[in-house]
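Student: Questions regarding the structure given below will be posed in turn.
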Amino acid sequence: MSFDPKIWLNNNVSGQVLVSYVGRIDSDIITDLISKIEESVTNSDLDIGKQLKIIMHVSVESLQNIYHHSPIDVENNINEKIALFSISYNNNNSTLLCGNYIHSEKIQIVKDRIEQINALNKEELKALYKLILNNQEFSEKGGGGLGLIDIARKTGTKLEFNFISLNENLYFYILKITIV
Amino acid sequence: MKTLTIEGTPKTPMVKFEAETGKIEIKGRSIPENSIEFYKPLVEWLEEYGAAPQKLTDVHVQLEYFNTSSSKCILDVFKKLETIVKAGHEVIINWYYEEDDEDMLEAGEDYQSIVKVPFKMIEVEE
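Protein chains in written order, with the numbering used here: chain A, 10 to 189; chain B, 463 to 588.
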């Protein structure tokens, strides 16, 4: 397996990088990253103050999605939960790149979910959010799939995704979120 | 009944539930990875309080951010309050949002449309 998430990120991130992280993810690392994000967005000389709340919100959801779903796969030499995460700023837009390893059998579920969300307008997203919030039991893991819906509601932009094939069973999932 | 007090942390809100006055406060950020664990004592406290509540239960929710995992737990808290209303007692949920934070206002309105408890939306300066 020759894929290196650090190299991938270096080659694919553009604009001014505010936060960039590739490595192990756990609860404490998420706490550190969140305070780093707040600090770098607040202290940057860029005009993104008004995007701060959305950036914070979307970052929390994305990092926790990665934390809950990033797999450990000893056979493929993945011995801990790995996250790829960056925030960059370009032409008045902020872009979040979020990534984690994913097993092939999960890809269709993620793809279908994102395509379903991308097909909905603002009102439909709100209705779906409320339906899941009020009717679905949540797992110990997370919010019953509310995270991506919430990201789409908050940003108002379409989610972009990519699955990079590493071998027959293993892929690297990239989610690109744009905040305008 | 004992007052429930929990200090705020970078990921969890300050909580103060007073049975003697019926004043209930949740303030700060609610973005823990495991929200169910954090909210369990709050829901349990309200269950006990609901057996003999004050004439007016005055709830103040002032959140800066909350994650989707907390959103369901917050709804569970509100549903406990709804039970108190159904039993014939008065409850008001004061939902605070910073000016220009339309998302937080909308989040409050989402809850308002789900639970049958009177809400008061309160705008605060940043």
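Built from N, CA and C at the ideal position, the CB exists for glycine as well.
Examine chain A for any beta-carbon lying closer than 8 Å to the beta-carbon of B:Thr-530, and answer yes or no.
Tutor: Judged by the 8 Å Cβ criterion, B:Thr-530 is in contact with chain A.
Student: Mind checking if B:Lys-534 is an interface residue toward chain A, Cβ cutoff 8 Å exclusive?
Tutor: B:Lys-534 counts as touching chain A.
Student: Count the other C-beta atoms from every protein chain shown that fall within 10 angstroms of the C-beta of A:Asp-159, then say buried if there are 16 or more, exposed otherwise.
Tutor: Buried, because 16 or more other Cβ atoms sit within 10 Å of the Cβ of A:Asp-159.
Student: Shortest alpha-carbon distance to B:His-522 belongs to which of B:Val-505, B:Pro-515, B:Ile-488?
Tutor: The candidate whose alpha carbon is nearest that of B:His-522 is B:Ile-488.
Student: Comparing alpha-carbon positions, which option in B:Ala-513, B:Glu-495, B:Glu-588, B:Thr-474 lies nearest B:Leu-543?
Tutor: Of B:Ala-513, B:Glu-495, B:Glu-588, B:Thr-474, the residue nearest in Cα terms is B:Ala-513.
Student: At least one CB of chain A closer than 8 Å to the CB of B:Glu-495: is that the case?
Tutor: Taking Cβ atoms only, chain A reaches closer than 8 Å to B:Glu-495, which makes this a yes.
Student: Got a sec: is the Cβ-Cβ distance from A:Glu-48 to anything in chain B below 8 Å?
Tutor: Output row for A:Glu-48: interface = no.
Student: For A:Gly-154, write down the residues that DSSP places opposite it in a beta bridge.
Tutor: Its beta-bridge partners do not exist; DSSP assigns none.
Student: State yes or no: is the C-beta of A:Ser-71 within less than 8 Å of the C-beta of A:Leu-142?
Tutor: Not closer than 8 Å, so no.
Student: Among the residues of its own chain, which have a CB less than 8 Å from the CB of A:Leu-168, if the five just before and after it don't count?
Tutor: Cβ within range, chain order: Ile-123, Ile-126, Asn-127, Leu-157, Ile-160, Ala-161, Leu-184, Lys-185, Ile-186.
Student: Can you name the residues of chain B whose CB is closer than 8 Å to the CB of A:Leu-142?
Tutor: In chain order: Ser-533, Lys-534, Leu-537, Asp-572, Ile-576.
Student: Taking A:Asn-109 as part of the beta strand (DSSP E), name the residues at either end of that continuous run.
Tutor: Run containing A:Asn-109: 102-112, per the beta strand (DSSP E) assignment.
Student: Note down, in chain order, all residues in the segment 501-521 of chain B with a beta-carbon under 7 Å from any beta-carbon belonging to chain A.
Tutor: Flagged: no residues at all.
Student: Grab me the residues of B:Val-539's own chain with a C-beta within less than 7 Å of its C-beta, minus the 5 sequence neighbours each way, in chain order.
Tutor: Counting only Cβ-Cβ distances below 7 Å, and skipping sequence neighbours, we find Tyr-501, Leu-504, Val-505, Leu-508.
Student: Using only alpha-carbon positions, find the residue among A:Met-65, A:His-78, A:Tyr-110 that is nearest to A:Ser-44.
Tutor: Nearest C-alpha to A:Ser-44: A:Met-65.
Student: If we define contact as Cβ-Cβ less than 8 Å, is A:Ser-44 a contact residue for chain B?
Tutor: Chain B, which has a Cβ nearer than 8 Å to the Cβ of A:Ser-44, makes this yes.
Student: If you drop the 5 nearest sequence neighbours on each side, which residues of the same chain put their C-beta closer than 7 Å to that of A:Glu-47?
Tutor: For A:Glu-47, where only same-chain residues beyond five positions count, the Cβ hits under 7 Å are Met-65.
Student: If you draw a straight line from the alpha carbon of B:Glu-588 to that of B:Tyr-559, how long is it in whole angstroms?
Tutor: Answer to the nearest angstrom: the Cα atoms are 9 Å apart.
Student: Counting contacts by CB-CB distance shorter than 8 Å, is B:Tyr-558 in contact with chain A?
Tutor: It does not; no Cβ of chain A falls within 8 Å.
Student: Taking DSSP as the reference, what is the three-state secondary structure of A:Ala-4?
Tutor: Residue 4 of chain A is absent from the structure shown; chain A starts at 10 and stops at 189.
Student: In this structure, what does DSSP give as the bridge partners for B:Ile-583?
Tutor: First, the residue type needs correcting, since residue 583 of chain B is Met and not Ile in the sequence shown. According to DSSP, B:Met-583 bridges with B:Trp-557.
Student: Using 8 Å as the Cβ pair cut-off and three pairs as the minimum, do the segment 173-183 of chain A and the segment 478-487 of chain B touch?
Tutor: Contact fails: fewer than three Cβ-Cβ distances are below 8 Å.
Student: State yes or no: is the C-beta of A:Ser-79 within less than 8 Å of the C-beta of A:Ile-91?
Tutor: It is a contact, given that the beta carbons lie within the stated cut-off.
Student: Determine, using beta carbons only, whether A:Thr-40 comes closer than 8 Å to chain B.
Tutor: Chain B contact via Cβ: present.
Student: Assign A:Arg-33 to buried or exposed, taking buried as 16 or more other Cβ atoms, counted over all protein chains shown, within 10 Å of its Cβ.
Tutor: A:Arg-33 comes out exposed.
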